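See below for the structure under consideration.
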Amino acid sequence: MTLTVNHLMNMMKKSCRFDRTMKDAVLKVLKDGHCVAELKVAEEHSNPMGGLHGGCSATLVDNVSSFALLSHEKGGAASVSVDMHMTYLKGAVVGDTIEIDARTTRVGKTLAFLEVDIRNKDTGDLLVKGTHTKYLLTKSS
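Following this line, the structure appears as structure tokens:
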């Protein structure tokens with residue numbers, strides 16, 4: 001199955017699962033192991049202090065890096081998370097627009113490695129650095 005930006009955006013908008021966090025995200029890039037999405041932080045993405053919830057950030061890292069992997073020439077197989085690591089550097093607040101930039105750094109026979117930066121779109125400030133390791137359920141070619 002060839003994934004397109006439109007296909008993934010439709011899936012996100014219709015989801016009733018946990019990944020519905022992505023329903024308001026806009027995919028800007030999806031090719032060659034790279035995915036960029038934007039999201040305007042809303043109340044539903046916030047913690048009790050009005051900032052972007054760390055769990056929401058982790059979900060964004062998980063989903064956008066998974067999309068990046070799907071667009072990689074060796075990453076089209078189903079996969080599951082093995083490890084994710086988040087470093088929270090700065091906060092975003094309701095009303096901010098954030099950019100989630102995910103890159104596939106390596107795809108091996110059974111594991112794929114991805115890196116993600118979440119930035120404030122207006123200031124360019126780095127908010128979150130994430131790494132994601134995924135196990136490929138079927139062997140890549």
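Counting from 1, one number per residue, gives the positions in the sequence shown under full-length UniProt numbering. Positions of the beta carbon are idealized from the N, C-alpha and C atoms, including for glycine. Note that the structure is a prediction, hence the values are computed from the model and not measured.
Cβ-based neighbour list, residue i, same chain, cut-off 6 Å, excluding 5 preceding and 5 following
i     : result
VAL93 : GLY50 and GLY51
VAL26 : GLU38
Three-state class that DSSP yields for residue i in the structure shown
i      : result
ASP125 : coil
THR21  : helix
8 Å Cβ shell around residue i - same chain, five flanking residues per side excluded
i           : result
SER91       : It should be pointed out that residue 91 corresponds to Gly in this sequence rather than to Ser. If we look at GLY91 and ignore the five residues flanking it on each side, its Cβ neighbours are GLY51, LEU52 and LEU127.
residue 186 : An answer regarding residue 186 cannot be provided, because it is not within the stretch 1 to 141 covered by the chain.
Chain-order list of residues whose beta-carbon lies under 7 Å from that of residue i (same chain, five-residue window excluded)
i      : result
GLU56  : First, the amino acid is wrong: residue 56 is Cys here, not Glu. THR21 and HIS45, listed in sequence order.
LYS121 : GLU38, THR97, ILE98 and GLU99
ASP125 : LYS90 and ARG119
Bridge partner(s) assigned by DSSP for residue i
i      : result
GLU38  : VAL26 and GLU99
LEU136 : SER79
* Quick one: which unbroken alpha helix (DSSP H) runs of 4-plus residues sit fully inside the UniProt domain "Thioesterase" (49–124)? Chain order, please. => 54–70
* Spell out a yes or no on whether the stretch 61–78 and the stretch 112–121 are touching, meaning 3 or more CB-CB pairs, one atom from each, closer than 8 Å. => yes
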